[in-house]
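Here's the structure we're looking at; comments come further down.
Protein chains: 2
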Amino acid sequence: MSDAWSAAEFEARLRQIGAERYHDKHPFHGLLHDGKLNKGQLQAWVLNRFYYQKSIPLKDASLIGRADDIDLRREWIGRITDHDGGKDGGGGIERWLILAEGVGLDPAYVASCKGVLAGTRFACDAYVHFVRDRPLLEAVASSLTELFAPDLHKTRIAALLEHYPFANDTTLAYFRTRLTQAPADVAFGLDYVLRHACNRDQQEACLAALLFKTDVLWAQLDALHHAYVSPGLIPPGAFVPEDRQ
Amino acid sequence: MSDAWSAAEFEARLRQIGAERYHDKHPFHGLLHDGKLNKGQLQAWVLNRFYYQKSIPLKDASLIGRADDIDLRREWIGRITDHDGGKDGGGGIERWLILAEGVGLDPAYVASCKGVLAGTRFACDAYVHFVRDRPLLEAVASSLTELFAPDLHKTRIAALLEHYPFANDTTLAYFRTRLTQAPADVAFGLDYVLRHACNRDQQEACLAALLFKTDVLWAQLDALHHAYVSPGLIPPGAFVPEDRQ
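Chains as they are written, first to last, in my numbering: chain C, 4 to 248; chain A, 4 to 248.
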């Protein structure tokens, strides 16, 4: 077995994956942030991305359910409540439905997940299965795409406000909230991974987990781009925007 | 609960899903069968479809592993040996690698599954997980896309022989063999589903399982079409044909 990388070297390799493979570089995000998407394309993005949002508490709960370490559980549970809110409501899923309403979708339709692309489902379900089935360390490592999320969210908030009439403080609340939540989460996750990946094999498994996660994000945009942008082949059973009916 | 459909009505509804959603209607198959794919696109299809072939014995083994019914197990085990061959070789996976060599790919590269699209992996893994996690009846029902496969394989053999120089009895052995295997398998599977789906809820669950399976097949072609045909956006890490390098 090769020698373990130093923490600095290992962290640099994790960050390098973001620089090369994070979905901020997908052409669909280019169109979104340049104000080039029409209403139906925006709706398709919001609808499909909801399925991802809805998968997050499932993967986080199964991660906690496999963690013997109480400190990890105490920290990680905040991710579930960040997304699910409390008995009185709130939370990222609810905020995403406010965004959905803002782009002209029926929140009940979005919440039903009818019309979500099969490609979206398979990618998000792959993430849930990964976290459920792989060693805990890799499950934590797969969350580290959050290292790269705040920059994307900052860009997105500014771009949406500039280009799209639906964008305002209410509809964009999801992204604003994530600006503060994600850095706190990922500081813990990164520290955990750096401390628990003790040998080269574990470090490489963490890199593979993060690479897998960038594939999960990228494949969602591929499916969306193919169905709604170019060539625009909507698969049978998927959401059909008004201008394509 | 609504009344159960008659066997004839239930079977007609299963076949209707094929008529509407089977992947013979995907534009990628139109291009393949009209001789419109270049070498790199053909290679991408063979490479990605290998991942599906390789997933089949896994899902069949997990189905058998959950079946109390010895008759089902005795019947179903032939599917595994059809794909895996015996100790002396043979089998569908090996025949697929012969096809891969025929289109100019290194069989060892194909067998490694490096370069397979994330969209392919997620779709095939979704199928394996579905068969592992859902009730046995639904797992059997999800195999019924084989009702529609022989017609597609007949069309394909004729079309490949007409349009592509690589096509001959050796390279197309996979498809020829499936012409006799699939009908025998599916006769058992269809009979099993018709006999064991006793009420409307079970019948509807079987329809949903078959619909899910058509999504698994369709999403693979969507990913392939997006990466290698139109718009031709190859995701990071995926196979890059020679003419795209």
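Ideal Cβ positions, reconstructed from N, Cα and C, are used throughout, including at glycine.
Q: Indicate whether TYR25 (chain A) and THR148 (chain A) have their beta-carbon atoms separated by less than 8 Å.
A: Here residue 25 (chain A) refers to the residue found at position 22 of the second sequence. Here residue 148 (chain A) refers to the residue found at position 145 of the second sequence. Yes, they are a contact pair.
Q) DSSP puts GLY1 (chain A) in a beta bridge; with which residues? A) Because chain A spans 4 through 248 in this model, residue 1 (chain A) falls outside it and cannot be assessed.
Q. When the Cα of ASP85 (chain A) is compared with those of A:GLY68, A:LEU61, A:GLY94 and A:GLY38, which residue comes out closest?
A. Residue 85 (chain A) sits at position 82 when you count from the first residue of the second sequence. Considering only A:GLY68, A:LEU61, A:GLY94 and A:GLY38, the residue with the shortest C-alpha distance to ASP85 (chain A) is A:GLY94.
Q) From ASP258 (chain C) to LEU155 (chain C), what does the alpha carbon distance come to, in whole angstroms? A) The structure shown does not extend to residue 258 (chain C), since chain C spans only 4 to 248, so no value can be given for it.
**Q.** Cβ-based neighbour list, LEU124 (chain A), same chain, cut-off 7 Å, excluding 5 preceding and 5 following
**A.** Taking the second sequence and counting its residues from 1, one reaches residue 124 (chain A) at position 121. The sequence as given places Arg at residue 124 (chain A); Leu does not occur at that position. Spatial neighbours of ARG124 (chain A) in its own chain (CB-CB distance under 7 Å, excluding positions within 5 residues in sequence) are listed in chain order as TYR54.
Q: Reducing DSSP to helix, strand and coil, say where THR173 (chain C) ends up.
A: As a position in the first sequence, residue 173 (chain C) is number 170, starting the count at 1. The answer is coil: DSSP assigns THR173 (chain C) none of H, G, I, E or B.
Q | Where LYS42 (chain C) falls: helix, strand or coil (DSSP) | A | By 1-based counting over the first sequence, the position of residue 42 (chain C) is 39. Helix, per DSSP.
(Q) Tell me which residues share the same chain as ARG181 (chain A) and place their Cβ nearer than 6 Å to its Cβ, disregarding the 5 neighbours each side in the sequence. (A) Here residue 181 (chain A) corresponds to residue number 178 of the second sequence, with the count starting at 1. Counting only Cβ-Cβ distances below 6 Å, and skipping sequence neighbours, we find HIS156.
Q. How about PHE125 (chain C): is its C-beta nearer than 8 Å to some C-beta of chain A?
A. Indexing the first sequence from 1 puts residue 125 (chain C) at position 122. Yes, because at least one Cβ of chain A sits closer than 8 Å to the Cβ of PHE125 (chain C).
Q: Using beta-carbon positions only, say whether ARG16 (chain A) and LEU197 (chain A) come within less than 8 Å of one another.
A: Position 13 of the second sequence, counting from 1, holds the residue named residue 16 (chain A). Position 194 of the second sequence, counting from 1, holds the residue named residue 197 (chain A). For ARG16 (chain A) and LEU197 (chain A), no; Cβs fall outside 8 Å.
Q. Can you list the residues of chain C that ARG24 (chain A) reaches, using a CB-CB cut of under 7 Å?
A. Your numbering for residue 24 (chain A) matches position 21 in the second sequence. Those within 7 Å of ARG24 (chain A) in chain C are PRO239.
Q) Is it right to say LYS90 (chain C) is buried, meaning 16 or more other beta carbons lie within 10 angstroms of its own, or is it exposed? A) Position 87 of the first sequence, counted from the first residue, corresponds to residue 90 (chain C). So LYS90 (chain C) ends up on the exposed side.
**Q.** Beta-carbon proximity check, PHE242 (chain A) vs ALA103 (chain A), cutoff 8 Å
**A.** The residue given as residue 242 (chain A) occupies position 239 in the second sequence. The residue given as residue 103 (chain A) occupies position 100 in the second sequence. Going by C-beta atoms, PHE242 (chain A) is not nearer than 8 Å to ALA103 (chain A).
Q | Terminal residues of the alpha helix (DSSP H) in which VAL143 (chain C) lies | A | Sequence index remark: in the first sequence, residue 143 (chain C) carries index 140 (1-based). First-last of the alpha helix (DSSP H) with VAL143 (chain C): 139 to 144.
Q: Please classify SER65 (chain A): does DSSP put it in a helix, a strand, or coil?
A: Along the second sequence, read from residue 1 onward, the residue named residue 65 (chain A) stands at position 62. If DSSP states are grouped into helix, strand and coil, SER65 (chain A) belongs with the helices.
Q) At a CB-CB cut-off below 7 Å, which residues of chain A make contact with SER86 (chain C)? A) Residue 86 (chain C) sits at position 83 when you count from the first residue of the first sequence. Going by the sequence as given, residue 86 (chain C) is His instead of Ser. Within 7 Å Cβ-Cβ: nothing; HIS86 (chain C) doesn't reach chain A, min ~22 Å.
(Q) Here's the rule: buried if 16 or more other CB atoms are within 10 angstroms of the residue's CB, otherwise exposed. What is TYR195 (chain A)? (A) If you number the second sequence from 1, residue 195 (chain A) lands on position 192. Answer is buried; the Cβ neighbour count reaches 16.
Q.
Could you tell me the alpha carbon to alpha carbon distance between ASP204 (chain A) and ALA162 (chain C), rounded to whole angstroms?
A. Taking the second sequence and counting its residues from 1, one reaches residue 204 (chain A) at position 201. Taking the first sequence and counting its residues from 1, one reaches residue 162 (chain C) at position 159. If you take the alpha carbons of ASP204 (chain A) and ALA162 (chain C), they lie about 47 Å apart.
Q.
Nearest by alpha-carbon distance to SER145 (chain A): which of A:TYR130, A:PRO153 and A:LEU75 is it?
A. For the purposes of this step, residue 145 (chain A) is identified with residue 142 of the second sequence, where counting begins at 1. Considering only alpha carbons, the answer is A:TYR130.
Q: Could you tell me if CYS127 (chain A) is buried or exposed, where buried requires 16 or more neighbouring beta carbons within 10 angstroms of its beta carbon?
A: Translated into the one-based positions of the second sequence, residue 127 (chain A) becomes position 124. Classification of CYS127 (chain A): buried, given that the 10 Å Cβ count is 16 or more.
**Q.** Proximity to LEU224 (chain C) [Cα-Cα], best of A:GLN248, A:PRO238 and A:ALA22
**A.** Residue mapping note: residue 224 (chain C) aligns to position 221 of the first sequence, counting from 1. Nearest of A:GLN248, A:PRO238 and A:ALA22 to LEU224 (chain C), Cα basis: A:PRO238.
Q: List the whole-angstrom C-beta distance separating TYR167 (chain A) from ARG98 (chain A), where the pair is believed to meet the contact cut-off of C-beta under 8 Å.
A: Along the second sequence, one-based indexing puts residue 167 (chain A) at 164. Along the second sequence, one-based indexing puts residue 98 (chain A) at 95. Wrong, their Cβ atoms sit about 17 Å apart, outside the cutoff.
**Q.** DSSP-derived helix/strand/coil call for GLY192 (chain C)
**A.** The count along the first sequence starts at 1 and reaches residue 192 (chain C) at position 189. GLY192 (chain C): helix per DSSP, three-state reduction.
Q) How would you write the range of the alpha helix (DSSP H) that GLY235 (chain C) sits in, first residue to last? A) Within the first sequence, residue 235 (chain C) is the residue found at index 232, counting from 1. Segment: none, GLY235 (chain C) is in no alpha helix (DSSP H) and carries neither H nor E.
**Q.** Residues near ALA222 (chain A) in its chain [Cβ-Cβ closer than 7 Å; skip 5 each side]
**A.** Stepping through the second sequence from its first residue, residue 222 (chain A) is reached at position 219. For ALA222 (chain A), where only same-chain residues beyond five positions count, the Cβ hits under 7 Å are GLY122 and ALA126.
Q | Separation of ASP246 (chain C) from PHE215 (chain C), as counted between CA atoms | A | Within the first sequence, the letter at position 212 stands for residue 215 (chain C). Within the first sequence, the letter at position 243 stands for residue 246 (chain C). In a straight line, the C-alpha of PHE215 (chain C) is about 35 Å away from that of ASP246 (chain C).
Q: Taking only the alpha-carbon atoms, compute the straight-line gap between GLU165 (chain C) and GLY38 (chain C) and give it to the nearest angstrom.
A: Mapped onto the first sequence, residue 165 (chain C) falls at position 162. Mapped onto the first sequence, residue 38 (chain C) falls at position 35. In this structure, the straight-line span from the alpha carbon of GLU165 (chain C) to that of GLY38 (chain C) is close to 8 Å.
Q. Taking the continuous alpha helix (DSSP H) assigned at SER115 (chain A), which residues delimit it?
A. Residue 115 (chain A) sits at position 112 when you count from the first residue of the second sequence. It spans 110 to 115 - the alpha helix (DSSP H) in which SER115 (chain A) sits, taken as one unbroken run.
**Q.** Neighbouring residues, chain A, relative to LEU236 (chain C) (Cβ below 8 Å)
**A.** Stepping through the first sequence from its first residue, residue 236 (chain C) is reached at position 233. Those within 8 Å of LEU236 (chain C) in chain A are PRO30, ASP225 and HIS228.
Q. With DSSP run on the structure shown, which of helix, strand or coil describes ASP204 (chain A)?
A. On the second sequence, position 201 is the one that residue 204 (chain A) refers to. Looking at ASP204 (chain A) - three-state DSSP - the assignment turns out to be helix.
**Q.** Start-to-end residues for the alpha helix (DSSP H) that takes in ASP128 (chain A)
**A.** Position 125 of the second sequence, counted from the start, is the residue given in the question as residue 128 (chain A). Segment 121 to 136, the alpha helix (DSSP H) holding ASP128 (chain A).
Q) Given that ASP37 (chain C) touches chain A, what residues does it touch there, using C-beta distances under 8 Å? A) Walking along the first sequence from the start, residue 37 (chain C) turns up at place 34. Going along chain A, no residue has its Cβ under 8 Å from ASP37 (chain C), so there is no contact; the nearest lies around 17 Å.
Q: Give a yes or no on whether 8 Å exceeds the smallest Cβ distance from GLY21 (chain C) to chain A.
A: Within the first sequence, numbered from 1, the residue matching residue 21 (chain C) stands at position 18. Chain A contact via Cβ: absent.
Q: Report the neighbours of GLY122 (chain A) on chain C: residues whose CB is nearer than 8 Å to its CB, in chain order.
A: Counting from 1 along the second sequence, the entry for residue 122 (chain A) is found at position 119. GLY122, PHE125, ALA126, ALA222, ASP225 and ALA226, listed in chain order.
Q.
Short of 8 Å Cβ to Cβ, which residues in the stretch 128 to 139 of chain C face chain A?
A. Listed by position along the chain: ASP128, ALA129 and HIS132.
Q) Are the beta-carbon atoms of LEU139 (chain A) and ARG69 (chain A) separated by less than 8 Å? A) In the second sequence, the residue the question calls residue 139 (chain A) occupies position 136. In the second sequence, the residue the question calls residue 69 (chain A) occupies position 66. Taking 8 Å as the Cβ cut-off, LEU139 (chain A) and ARG69 (chain A) qualify as a contacting pair.
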